[in-house]
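Chains A and B supply the protein sequences, listed in that same order. The opening residue of the first sequence carries number 0 in numbering that gives the first Met the number 0; numbering runs sequentially from there. The opening residue of the second sequence carries number 0 in numbering that gives the first Met the number 0; numbering runs sequentially from there. Where a beta carbon is used, it is the ideal one built from N, C-alpha and C, also for glycine. The structure displayed is predicted, hence computed values, not measured ones. These notes concern the structure reproduced below.
Number of protein chains: 2
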Amino acid sequence: MKRKEKILEIALQMFNERGVSEVGVREIARALSISVGNLSYHFPKKEDIILALVNRLSSQNNQHYQHYHLQPASLNHFLQLLANIFSNQFDHRGILIGNAELKHIYSTIFDYQITLQKRVQGFELIYQNLQKANHLTLSEADLQHLISLTTLYARFWLHEAFIDHVSMSKNSLIEKYMKVWSYQLSIFATEEGKASLGEYWENVHE
Amino acid sequence: MKRKEKILEIALQMFNERGVSEVGVREIARALSISVGNLSYHFPKKEDIILALVNRLSSQNNQHYQHYHLQPASLNHFLQLLANIFSNQFDHRGILIGNAELKHIYSTIFDYQITLQKRVQGFELIYQNLQKANHLTLSEADLQHLISLTTLYARFWLHEAFIDHVSMSKNSLIEKYMKVWSYQLSIFATEEGKASLGEYWENVHE
DNA sequence: GTCTATATATGGATAGAC
DNA sequence: GTCTATCCATATATAGAC
Chain A
0 MKRKEKILEI ALQMFNERGV SEVGVREIAR ALSISVGNLS YHFPKKEDII
50 LALVNRLSSQ NNQHYQHYHL QPASLNHFLQ LLANIFSNQF DHRGILIGNA
100 ELKHIYSTIF DYQITLQKRV QGFELIYQNL QKANHLTLSE ADLQHLISLT
150 TLYARFWLHE AFIDHVSMSK NSLIEKYMKV WSYQLSIFAT EEGKASLGEY
200 WENVHE
Chain B
0 MKRKEKILEI ALQMFNERGV SEVGVREIAR ALSISVGNLS YHFPKKEDII
50 LALVNRLSSQ NNQHYQHYHL QPASLNHFLQ LLANIFSNQF DHRGILIGNA
100 ELKHIYSTIF DYQITLQKRV QGFELIYQNL QKANHLTLSE ADLQHLISLT
150 TLYARFWLHE AFIDHVSMSK NSLIEKYMKV WSYQLSIFAT EEGKASLGEY
200 WENVHE
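Written out as structure tokens, the structure is:
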């Protein structure tokens, strides 16, 4: 089992550096000092490697969501959740960006439409609870708007970051994109909510 | 010259349907009823085809920007500009989505950082003029926020659309994503600005 | 589990005749 | 401009020794 994990680790590193389509199975095997045959024993197809990495990303994100819901709803905690997800996405950037096979892979793992629905419903629940906690003030239209923008932003900030700001560090990038979203949330935040956003940024800069 | 254009037209159509990486030069040649050698005569590398399509997209978008600036600044005209750009992007979706080579292509055509700067400055100018025209009320922070979100949204709505809503028609998709952005603009719009947004949607539904 | 070797397929790119 | 034929690289997949 150790070997499979090592393969995933090295493969992800190479995908991150050069992109999925630019990395061949021979190169992965060489980087691991094993043979192609051996690699094929563990992951018969290259897609199986990507699949395993996608699953890992997905399950890690789910853990972050679950952890969030154990806490009282607050914009501070919500930003922490986003930062964790952003960090996780960054670490898997190789398989999330410019990956033509990804769509096909998603359709093989699960019903993608259901995944999307769950994502939307997840943010809906979070925002509704933030409203109940008196951190946000949202009309129904505001809520739907925020959900639409959130689902897009939380997925594609990484694409822009990776294309436009290659030279920036992981932490700088996450901070940059978190600040934009924090600002967007502050538009709909109560005074209590704004204070909670402030708490997040105080903790970040310690 | 006729032949080159025909190649671009068919290639783009195939890229849109199946993605750049899934379409081979042999298939393009077959669809055109010419030989691979002949195709290579016009475009020595597959990348040259993509490059030509990227340039076409870029120059068409520039024309839309120029046309916008000939008109008085208004949110109505700005939405029209966005709709034109969205439409153009949709038509070139094959080369904009899931295209691992795109980043490399951009770096070969021009200094990409300068292109980015121009894009940001372009939106800055547009928003500043909309403020002068009394359609938007923006603090400096609002302005920067809106620019950040715009540059991201105007590029990646297409990715989300293509991944999540494959079955929707071009017009429905553009309307869906335009509505979200219209709502975002309305947050910062004056009464006059909101009326101008309303004008746009009246004309759309005629 | 791991190796070497090889079969098979497919993709991009090119050489040279017409 | 257009063709045919071929080269070269890479991916999957498998056989069989250790």
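Nonlocal neighbours in the same chain, by C-beta distance under 8 Å from residue i, ignoring five residues either side
i: L135(B); result: L74, Y126, L129, L184, F187, A188, T189, G192
i: L38(A); result: I6, V24, I27, A28, L31
i: L101(B); result: I49, V53, I94, L95
i: L196(B); result: L74, N75, L78, S181, L184, S185, A188
i: E123(B); result: L142, I146
i: I108(B); result: L50, V53, N54
i: A10(B); result: V22, I27, I48, L52
Inter-residue CB distance, residue i and residue j (contact presumed, cutoff 8 Å)
i: A82(B); j: I146(B); result: Between I146(B) and A82(B) the Cβ distance is about 19 Å, and since that is not below 8 Å, they are no contact.
i: I104(B); j: L50(B); result: 6 Å
i: Y64(A); j: G121(A); result: 7 Å
i: Y176(A); j: W156(A); result: 4 Å
i: Q59(A); j: N15(A); result: Rounded, the Cβ-Cβ distance is 16 Å, inconsistent with contact.
i: L78(B); j: Y67(B); result: At roughly 11 Å, the Cβ-Cβ gap does not stay under 8 Å, so L78(B) and Y67(B) are not in contact.
i: S34(A); j: A99(B); result: Going by Cβ atoms, the distance from S34(A) to A99(B) rounds to 27 Å, so no, they are not a contact pair.
i: A194(A); j: A132(A); result: So it is not a contact: roughly 12 Å between Cβ atoms.
i: G97(A); j: G36(B); result: With a Cβ gap of about 30 Å, G97(A) and G36(B) do not count as contacting.
Residue span of the alpha helix (DSSP H) that contains residue i, given as start and end
i: H144(A); result: 139-163
i: M13(A); result: 1-17
i: D90(A); result: 74-90
i: I186(B); result: 169-186
i: G36(A); result: 35-41
i: L31(A); result: 24-31
i: L69(A); result: Segment: none, L69(A) is in no alpha helix (DSSP H) and carries neither H nor E.
i: H103(B); result: 101-108
Cross-strand partners of residue i (DSSP beta bridge)
i: L56(B); result: Answer is none; L56(B) lacks a bridge partner.
i: L135(A); result: A188(A)
Close Cβ partners of residue i (< 6 Å) along its chain, the five nearest in sequence each way excluded
i: L137(B); result: Q130, F187
Cβ shell of residue i (< 7 Å), same chain only, five flanking positions each side left out
i: R118(A); result: T150
i: Y152(B); result: W180
i: H164(A); result: L172
i: K3(A); result: H41
i: Y111(A); result: Y105
i: V22(B); result: M13, F14
i: K216(A); result: With chain A represented from 0 up to 205, any question about residue 216(A) goes unanswered, as that position is not in the structure.
i: K169(A); result: F89
Can you find at least 3 beta carbon pairs, one from the stretch 151-165 of chain B and one from the stretch 80-99 of chain B, that sit closer than 8 Å? Inter-segment contact for the stretch 151-165 of chain B and the stretch 80-99 of chain B is present: three or more beta-carbon pairs are separated by less than 8 Å.
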